[in-house]
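Chains A and L, in that order, give the protein sequences.
Using the numbering used here, the letters of the first sequence correspond one by one to residues 2 to 303.
Using the numbering used here, the letters of the second sequence correspond one by one to residues 2 to 303.
Here is the structure we will look at.
There are 2 protein chains.
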Amino acid sequence: MDSHFGDRLAKSCAEKDSFVCVGLDPRWESLPDSIRQGVSPTDLQAVARATQRYCQEVIDAVAEYSPVVKPQAAFFENLGPHGMQALWGIVQHARKAGLIVLLDGKRGDIGSTAQGYAAAYLGYESPWQCDALTVNPYLGDDTLAPFHQAATDNGAGVFVLVKTSNPGSGFLQDLQFGEPGDSKAIYEHVAEHVESLAVSHTGESGMGSTGAVVGATYPAQLAELRAQMPHAWILIPGFGAQGGTVEDVKHGFRLIDGTSTGAIVNSSRGIIFAYQKDNSASDWQTAVAAAAKEMRDQLRAI
Amino acid sequence: MDSHFGDRLAKSCAEKDSFVCVGLDPRWESLPDSIRQGVSPTDLQAVARATQRYCQEVIDAVAEYSPVVKPQAAFFENLGPHGMQALWGIVQHARKAGLIVLLDGKRGDIGSTAQGYAAAYLGYESPWQCDALTVNPYLGDDTLAPFHQAATDNGAGVFVLVKTSNPGSGFLQDLQFGEPGDSKAIYEHVAEHVESLAVSHTGESGMGSTGAVVGATYPAQLAELRAQMPHAWILIPGFGAQGGTVEDVKHGFRLIDGTSTGAIVNSSRGIIFAYQKDNSASDWQTAVAAAAKEMRDQLRAI
């Protein structure tokens, strides 16, 4: 691999002329009938195998249109150990298909344990061989350091939660601290730190290996955070099913040499369950591929 | 099981007259020679099997002195899928030994995904069959709701990170917001919400099923938070190797009918690697058991 994650991501987006990240959130009840056929929902080993097959077929369908896939750890963990085995196989499959694998685990712990998580996931020498991981900043800057260090050392990436897409994200992230007239929000405080990590390890693309998560559902904050973190890649969830539009996510991009870059936009349900809405497709994979292609084309307008 | 986690924890602490939580953080390089013998550190399947054996023997050694064990998810995830299989076996072993299993995963995600994590871990009908899980509040109150609901429904427990034990926890948790003269810290804001969840579902013991994590390394805040969350069980990490003492952790307990309750104190390295310091023991398990017994006796002074 290129030794720098930010460069690798930039290159992959440029090659596919696409900023689409496909979220793999395989809720069993939403999987195609052809995948679920003959599998008892209580047989977790069989469910995990079928889920793996489904995710791999999704990957095959979207690989042309998407530089990145983002497996959501929760939906593999909730199948028990068999689900984790399935996740491993899916990561391998995505890598063979040339995709960047961003594991959405939102991990975070005190320093020595954060090292354990970083060693688990970051880089092709790690057990899970992922390209990048989402992490949670609540525990503090010292707990982000081991992730940033491992990413830097292993050509991998980290995406720190800054402003999340859910309705209640303001509960903690929007709280203002500091003197009146000179206050800022918690998410801005985290963003400042993310930018300091990003700028400490930029590649040829000008972008860092540590980036941020900012929801499409908060476009004003996205614009503000783009300006505040010029060297950070931004993962933008909340597009599609959660309500984010092209108009919303455009604020997450920056121009370098006349070209938009610096952000990837995630859609999960809108792509991987596209067959639920698209009755015209001959099979579920065709519907999934069409949805990924459509999203790529929509984002090209940026 | 008793249908209420708070009651179950109270009963188990009372029966063993112990507030000891043994943290299972099995760093391979620190495991006893007899466990590591003949195992190549790069053979993750063999490492995972040996790690499982070690953890199960730790459980057997401490079961008499400790009502709760707390496996740290990171140290199983960093052995890949085989590590997760080992974790599953360890949970089963601990349950058979009559111990309450609190998985330290610090999970957190937007609502529908939080439901996935909760379904994965909380309760004996879940794939991992844990009694309780640690969760992270950064994403907001709406993301804690599915964990609290699942715990309430399944006789399980949730421990929300409030004030963590690491040196950098103040980076975010100590920030003060609100009007001058009427400001409070982020951790107090989270604590208020935890108390509201705890009090919404108390059992016969008077304690809730949703509790908090507060580090022994911040005794002043621990005392303050104990008063602020009278119905919340507090998991107190940071005892022993991280520097917390009996004098520090006593602030985390409350008196009900003249008896101390409402807190469990975690030690990981101080117990599970006790053989590194105790040369008098005939074997490593004896040293581990002695360390657990000593901690139990120390805490009885409270």
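Note that the Cβ used here is the ideal one computed from N, Cα and C, for glycine as well.
Could you compute how far the alpha carbon of M2 (chain L) sits from the alpha carbon of F240 (chain L)?
The residue labelled residue 2 (chain L) in the question sits at position 1 within the second sequence. The residue labelled residue 240 (chain L) in the question sits at position 239 within the second sequence. Residue confidence is low: M2 (chain L) scores 47 on pLDDT, short of 50, so the model does not pin down where it sits. Its coordinate-derived value is still stated next. In a straight line, the C-alpha of M2 (chain L) is about 29 Å away from that of F240 (chain L).
By the 8 Å beta-carbon criterion, what residues does the stretch 55-81 of chain L contribute toward chain A?
Listed by position, the residues of the stretch 55-81 of chain L near chain A (Cβ gap below 8 Å) are Q73, A75, F76, E78, N79, L80, G81.
Is the CB of K164 (chain L) under 8 Å away from at least one CB in chain B?
Checking the listed chains, one finds no chain B in this structure; the protein chains it contains are A and L.
Excluding the 5 residues preceding and the 5 following C22 (chain A) in the sequence, name in chain order all residues of the same chain whose CB lies nearer than 8 Å to its CB.
For the purposes of this step, residue 22 (chain A) is identified with residue 21 of the first sequence, where counting begins at 1. Excluding residues within five positions, the ones whose Cβ falls inside 8 Å are S67, P68, V69, V70, K71, L103, L236, I265, V266, N267, S268.
Give me the chain A residues within the contact set of I111 (chain L), using Cβ-Cβ distance strictly less than 7 Å, ordered along the chain.
In the second sequence, residue 111 (chain L) corresponds to position 110, counting from 1. Result: T165, S166, N167.
How would you call S283 (chain A), buried or exposed, if buried means at least 16 neighbouring beta carbons within 10 angstroms?
Locating residue 283 (chain A) in the first sequence gives position 282, counting from the first residue. That one is exposed.
Straight-line CA distance for D8 (chain L) to S210 (chain L)?
The residue you call residue 8 (chain L) lines up with position 7 of the second sequence. The residue you call residue 210 (chain L) lines up with position 209 of the second sequence. One C-alpha to the other measures close to 8 Å.
Just how far apart, CA to CA, sit S166 (chain L) and Q130 (chain A)?
By one-based count along the second sequence, residue 166 (chain L) stands at place 165. By one-based count along the first sequence, residue 130 (chain A) stands at place 129. Roughly 30 Å separates the two Cα atoms.
Test: T114 (chain A) CB closer than 8 Å to a CB of chain L:
Within the first sequence, residue 114 (chain A) is the residue found at index 113, counting from 1. Yes - at least one Cβ of chain L is within 8 Å of the one on T114 (chain A).
Can you give the Cα-Cα distance for G90 (chain L) and D44 (chain L), rounded to whole angstroms?
For the purposes of this step, residue 90 (chain L) is taken as the residue at position 89 of the second sequence. For the purposes of this step, residue 44 (chain L) is taken as the residue at position 43 of the second sequence. In a straight line, the C-alpha of G90 (chain L) is about 19 Å away from that of D44 (chain L).
Are any of the Cβ atoms in chain L nearer than 8 Å to that of D18 (chain A)?
Position 17 of the first sequence, counting from 1, holds the residue named residue 18 (chain A). Judged by the 8 Å Cβ criterion, D18 (chain A) is not in contact with chain L.
Could you name the residues of the same chain whose beta carbon sits closer than 6 Å to that of F160 (chain L), not counting the 5 residues immediately before and after it, in chain order?
In the second sequence, the residue the question calls residue 160 (chain L) occupies position 159. Contacts found: T135, G212, V214, L236.
Against chain A, with Cβ distances strictly below 8 Å, would M230 (chain L) count as a contact?
Within the second sequence, the letter at position 229 stands for residue 230 (chain L). By this cut-off, M230 (chain L) is not an interface position.
Please work out which residues of its chain come closer than 8 Å, Cβ to Cβ, to E196 (chain A), disregarding the five sequence neighbours upstream and downstream, and give them in chain order.
For this step, residue 196 (chain A) is matched to residue 195 along the first sequence. If the five residues before and after E196 (chain A) are omitted, its C-beta is found closer than 8 Å to the C-beta atoms of Q229, M230, P231, H232, A233, all from its own chain and listed in chain order.
Name the chain A residues that come within less than 9 Å of N155 (chain L), Cβ to Cβ?
Locating residue 155 (chain L) in the second sequence gives position 154, where the first residue counts as 1. Here the premise fails: no neighbours, minimum Cβ distance about 13 Å.
Where E225 (chain A) and L300 (chain A) are concerned, what is the direct C-alpha to C-alpha distance, given to the nearest angstrom?
Against the first sequence, residue 225 (chain A) aligns to sequence position 224. Against the first sequence, residue 300 (chain A) aligns to sequence position 299. So the two alpha carbons sit approximately 20 Å from each other.
M2 (chain L) (DSSP reduced to helix, strand or coil):
Counting from 1 along the second sequence, the entry for residue 2 (chain L) is found at position 1. Confidence at M2 (chain L) is low in this model, with a pLDDT of 47, below 50, so its placement is unreliable and the value that follows should be read with caution. DSSP places M2 (chain L) in coil when its eight states are reduced to three.
Going along the stretch 137-148 of chain A in order, which residues come within less than 8 Å of chain L, judged by CB to CB distance?
N137, P138, Y139, L140, G141, D142, D143, T144
On the CB-based measure, 16 or more other CB atoms within 10 Å of its CB, does G99 (chain L) come out buried or exposed?
For the purposes of this step, residue 99 (chain L) is taken as residue 98 along the second sequence, with counting starting at 1. Classification for G99 (chain L): exposed.
Along the chain, where does the alpha helix (DSSP H) containing L145 (chain L) start, and where does it finish?
The sequence position of residue 145 (chain L) within the second sequence is 144, counting from 1. Its alpha helix (DSSP H) spans residues 142-155.
8 Å contact criterion, which G216 (chain L) and S170 (chain L) should meet: CB distance rounded:
Counted from its first residue, the second sequence places residue 216 (chain L) at position 215. Counted from its first residue, the second sequence places residue 170 (chain L) at position 169. 7 Å between Cβ atoms; contact.
Checking contacts by CB at 8 Å: is S201 (chain L) closer than that to chain A?
By 1-based counting over the second sequence, the position of residue 201 (chain L) is 200. It does not: the Cβ of S201 (chain L) has no partner Cβ on chain A nearer than 8 Å.
Can you pull the chain A residues whose beta carbon is under 7 Å from the beta carbon of Q86 (chain L), in chain order?
By 1-based counting over the second sequence, the position of residue 86 (chain L) is 85. Result: P82.
Would you list the residues sitting across from L198 (chain L) in a DSSP beta bridge?
For the purposes of this step, residue 198 (chain L) is taken as the residue at position 197 of the second sequence. Bridge partners of L198 (chain L): none, in fact.
When A:S127, A:P168, A:I101, A:V191 are compared against L145 (chain A), the one with the closest alpha-carbon:
To locate residue 145 (chain A), count along the first sequence from 1; it is residue 144. For L145 (chain A), the nearest C-alpha among the options comes from A:V191.
In this structure, what does DSSP give as the bridge partners for S268 (chain L)?
One-based indexing of the second sequence puts residue 268 (chain L) at position 267. Beta-bridge pairing links S268 (chain L) to L:V23.
Is I237 (chain A) close to chain L, meaning its C-beta is less than 8 Å from at least one C-beta of that chain?
Here residue 237 (chain A) refers to the residue found at position 236 of the first sequence. Judged by the 8 Å Cβ criterion, I237 (chain A) is not in contact with chain L.
Quick one: is M2 (chain L) near chain A, going by C-beta distance under 8 Å?
The residue you call residue 2 (chain L) lines up with position 1 of the second sequence. At M2 (chain L), the pLDDT of 47 sits below 50, so the modelled position is not reliable and the matter cannot be decided from this model.
Would you mind stating whether R255 (chain A) and G263 (chain A) have Cβ atoms separated by less than 8 Å?
As a working mapping, residue 255 (chain A) is identified with position 254 in the first sequence. As a working mapping, residue 263 (chain A) is identified with position 262 in the first sequence. The answer is yes: Cβ separation under 8 Å.
What separation, rounded to the nearest whole angstrom, lies between the Cα atoms of T52 (chain L) and V92 (chain L)?
Residue numbering aside, residue 52 (chain L) sits at position 51 when the second sequence is read from its first letter. Residue numbering aside, residue 92 (chain L) sits at position 91 when the second sequence is read from its first letter. Roughly 13 Å between the two C-alpha positions.
If we count the other Cβ atoms within 10 Å of its Cβ and call it buried at 16 or more, is D183 (chain L) buried or exposed?
Sequence index remark: in the second sequence, residue 183 (chain L) carries index 182 (1-based). With fewer than 16 Cβ atoms within 10 Å of its Cβ, D183 (chain L) is classed as exposed.
Measure from the C-beta of S170 (chain L) to each C-beta in chain A and report whether the shortest distance is under 8 Å.
Numbered from its first residue, the second sequence carries residue 170 (chain L) at position 169. Judged by the 8 Å Cβ criterion, S170 (chain L) is in contact with chain A.
Could you tell me if the beta carbon of R28 (chain L) falls within a distance shorter than 7 Å of some heavy atom in the ligand HEM?
In terms of ligand content, the structure shown is empty, and the ligand HEM therefore cannot be addressed.
Any beta-carbon of chain A closer than 8 Å to the one on G39 (chain L)?
Taking the first residue of the second sequence as position 1, residue 39 (chain L) is located at position 38. It does not; no Cβ of chain A falls within 8 Å.
Using a cut-off of 8 Å between C-beta atoms, extract the partners of Y118 (chain A) located in chain L.
Walking along the first sequence from the start, residue 118 (chain A) turns up at place 117. Result: A75, E78, N79.
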